[in-house]
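*Asks:* In my numbering, the protein residues as written are 68 to 151.
#1: Mapping the DSSP letters down to three states, classify residue 109 as helix, strand or coil.
#2: Any idea if residue 99 is buried or exposed, counting beta-carbon neighbours within 10 angstroms, 16 or more meaning buried?
#3: Under three-state DSSP, which class holds residue 103?
#4: Is the separation between the beta-carbon of residue 138 and that of residue 97 shorter than 8 Å?
#5: Using three-state DSSP, classify residue 79 as helix, strand or coil.
#6: Assuming residue 132 contacts residue 140 (C-beta within less than 8 Å), just tell me the rounded distance between them.
#7: Please state whether DSSP places residue 147 in a helix, a strand or coil.
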């Protein structure tokens, strides 16, 4: 992710999911596979000692919104017409 990657594609990805992923990234979106997001969070916790308050607040907000990551939170905000 530090190198500017917008999406990692997994070999196990279903064809329809692949098509939707390509469309999303083409529109400027960024997607992170659930398994990859868990690995990234674990790495961030390790890098920051696990006590970074901004990470805790974000994960708490995601839980309250019923989403898994920032991308889903943004999508939910768009659907609720909270973003222009």
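Backbone N, C-alpha and C define an ideal beta-carbon position, used for all residues, glycine too. As the structure is a prediction and not an experimental result, all values here were calculated from the model.
*Replies:* Let's see:
#1: Mapped onto the chain shown, residue 109 falls at position 42. Three-state result, residue 109: helix.
#2: By 1-based counting over the chain shown, the position of residue 99 is 32. Buried, since its Cβ has 16 or more Cβ neighbours within 10 Å.
#3: Against the chain shown, residue 103 aligns to sequence position 36. Reduced to three states, the DSSP call for residue 103 is helix.
#4: Your numbering for residue 138 matches position 71 in the chain shown. Your numbering for residue 97 matches position 30 in the chain shown. It is a contact, given that the beta carbons lie within the stated cut-off.
#5: Against the chain shown, residue 79 aligns to sequence position 12. In this structure, DSSP gives residue 79 a state outside helix and strand, which the three-state scheme calls coil.
#6: Taking the chain shown and counting its residues from 1, the one referred to as residue 132 is at position 65. Taking the chain shown and counting its residues from 1, the one referred to as residue 140 is at position 73. Indeed, because the Cβ distance is near 6 Å, the residues count as touching under 8 Å.
#7: If you number the chain shown from 1, residue 147 lands on position 80. DSSP places residue 147 in coil when its eight states are reduced to three.
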